[in-house]
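See structure below.
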Amino acid sequence: MSTEAEERMAIRIDGREVAEQILANVASRVDSRRRRGLPPPHLAVVLVGHDQASETYVRGKRRDAERVGIASSDHRLPETATTAEVVELVARLNHDPEVSGVLVQQPLPLQVEVAAVVEAVDPAKDVDGFHPLNAGRLLLGQPGILPCTPAGILRMLDHYGVVLEGRRAVVLGRSNIVGKPTAVLLLRRHATVTVCHTRTRGLAEVCREAEILVAAAGRRHLVRPDWIRPGAAVIDVGVNRGPDGRLSGDVDPEAARVAGWLSPVPGGVGPVTRAMLMANTLQAEEERRP
Ligand code: NAP
């Protein structure tokens, strides 16, 4: 028999379950292309230097690709690489007919100009969805490649049947890769969206208005249970590593006592973001060779 306290807990938005569904769909589409005699999509990953976390992410991407029948290759440059060297490598991959998608793993060493590298990626192969052309298309509501984390957040909400149309949504964070594109996607789905940042006054009150709250500030447990509107759908994007190496999100887990839905960290947005990269790589290939 469940206790009263258990009955009040939020529904856990299981990112692994959502990711599995996305990956199964990608695998079956890749397989049907293979049966039509088409080559597998190919993800090329550029890695500059030896950032430990990046190495782990790249290994994960290789494993995901293998699982769904997508080919992948790593292209490494030393820590001392210049912007021109990275751009040149990207240009080579843009022109390689074998390559469907190009991803430049961030962070890049300080001497490398991130914007120049992002703009160097062919928008048709921009599986991160960071190129200004794809960002512009997103804003204008035109078809294009969507950034993985924001697109994944929408998939999570849809998977759990969270209604967006007409609802009050608050996005905590305004970065170009998470906050802004998530706000635009929610707006495209007819939510009424507020975007918060470090200069927002009365942050707790603004968050309390949210029927959908996306926390992407990168501050451990910034969002307290009393910031949550009862029954709200809360997506915790934050990934914060504590001194003990453990990961925690931007939302205090006690928020589960107030929210209607809550995505955990780890096991929430992370796996869905990874799965969306595979979906984007397949999309790029499908658009290139229908
Ligand atoms: P970011 O570029 O550092 O942006 C953080 C945003 O949050 C900024 O707009 C900042 O405001 C705002 N912010 C920070 N502290 C705040 C505070 N105390 N009050 C109000 N606003 C605050 O980070 P990001 O790249 O968007 O990533 C956000 C988090 O998501 C990070 O923890 C990152 O690791 C995680 N993430 C996870 C995934 C995944 O797949 N799971 C993917 C991407 C990112 P200002 O603009 O005013 O500075």
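With the numbering used here applied, the sequence shown corresponds to residues 15 to 304, in that order. From the three backbone atoms N, C-alpha and C, an ideal C-beta is built for every residue, glycine too. Note that the structure is a prediction, hence the values are computed from the model and not measured.
Kindly indicate which three-state DSSP category residue i falls into: helix, strand or coil?
i, result
"S114", "coil"
"R303", "coil"
"A205", "coil"
"N190", "coil"
"A19", "Caution is warranted here: a pLDDT of 49 is assigned to A19, below 50, making its placement in the model unreliable, and the coordinate value is therefore given only provisionally. In this structure, A19 counts as helix in the three-state DSSP scheme."
"I159", "coil"
"R76", "helix"
"R90", "strand"
"V82", "helix"
"D140", "strand"
"V176", "coil"
"R50", "coil"
"L124", "coil"
"A4", "For the chain, the structure presents residues 15 to 304; residue 4 sits outside this window and is missing."
"R169", "helix"
"Q119", "coil"
"R215", "coil"
"T295", "helix"
"R318", "In the structure as shown, the chain starts at 15 and stops at 304, and residue 318 therefore has no counterpart that could be examined."
"V135", "coil"
"H109", "helix"
"R181", "coil"
"R243", "coil"
Just how far apart, CA to CA, sit residue i and residue j?
i, j, result
"R181", "Y174", "15 angstroms"
"A85", "E299", "12 angstroms"
"M15", "D172", "Because the pLDDT at M15 is just 49, under 50, the model does not fix this residue reliably, and the value given afterwards should be weighed accordingly. Going from the Cα of M15 to the Cα of D172 covers about 30 angstroms."
"D264", "L276", "12 angstroms"
"K139", "L122", "19 angstroms"
"N39", "T97", "37 angstroms"
"R255", "G63", "21 angstroms"
"D266", "G193", "19 angstroms"
"E34", "E219", "36 angstroms"
"V8", "V101", "Absent from the structure is residue 8, since the part of the chain shown begins at 15 and ends at 304."
"A130", "L147", "13 angstroms"
"E223", "L117", "37 angstroms"
"K75", "V59", "9 angstroms"
"N190", "A289", "20 angstroms"
"A19", "R271", "Residue placement at A19 cannot be trusted, given a pLDDT of 49 that sits under 50; what the coordinates show is reported in the next sentence. C-alpha separation (whole angstroms): 8 angstroms."
"P159", "V207", "For the sequence presented, residue 159 should be read as Ile rather than Pro. Approximately 22 angstroms between the Cα atoms of the pair."
"A183", "R243", "11 angstroms"
"C210", "V198", "14 angstroms"
"A246", "P111", "46 angstroms"
"R233", "S262", "9 angstroms"
"D78", "R238", "34 angstroms"
"A273", "A231", "19 angstroms"
"A13", "C221", "In the structure displayed, the chain extends from 15 to 304; residue 13 sits before or after that span and is not available."
"A105", "R303", "20 angstroms"
"I27", "L200", "18 angstroms"
"A24", "L168", "18 angstroms"
"M292", "V126", "26 angstroms"
Starting from residue i, follow its DSSP beta bridges and name the residues at the other end.
i, result
"S262", "N254"
"L276", "R26 and V248"
"A229", "L186 and D250"
"C210", "L186"
"R62", "The sequence given here has Val at residue 62, not Arg. L91, per the DSSP bridge assignment."
"V237", "V265"
"H56", "A85"
Would you mind stating whether residue i and residue j have Cβ atoms separated by less than 7 angstroms?
i, j, result
"V251", "L227", "no"
"V72", "L61", "yes"
"G29", "V283", "yes"
"V141", "N294", "yes"
"P157", "G143", "no"
"G166", "V286", "yes"
"V82", "M170", "no"
"T196", "P164", "yes"
"S114", "P53", "no"
"R203", "L178", "yes"
Looking at ligand 2, does it come within less than 6 angstroms of residue i, judged from the CB to the closest heavy atom?
i, result
"A230", "The model depicted lacks ligand 2 and carries ligand 1 instead."
Please determine if the region 87-103 and the region 39-50 are in contact, where contact requires at least 3 C-beta pairs separated by less than 8 angstroms. no
Touching by the beta-carbon criterion (3+ pairs, under 8 angstroms), the region 150-160 and the region 221-236: no
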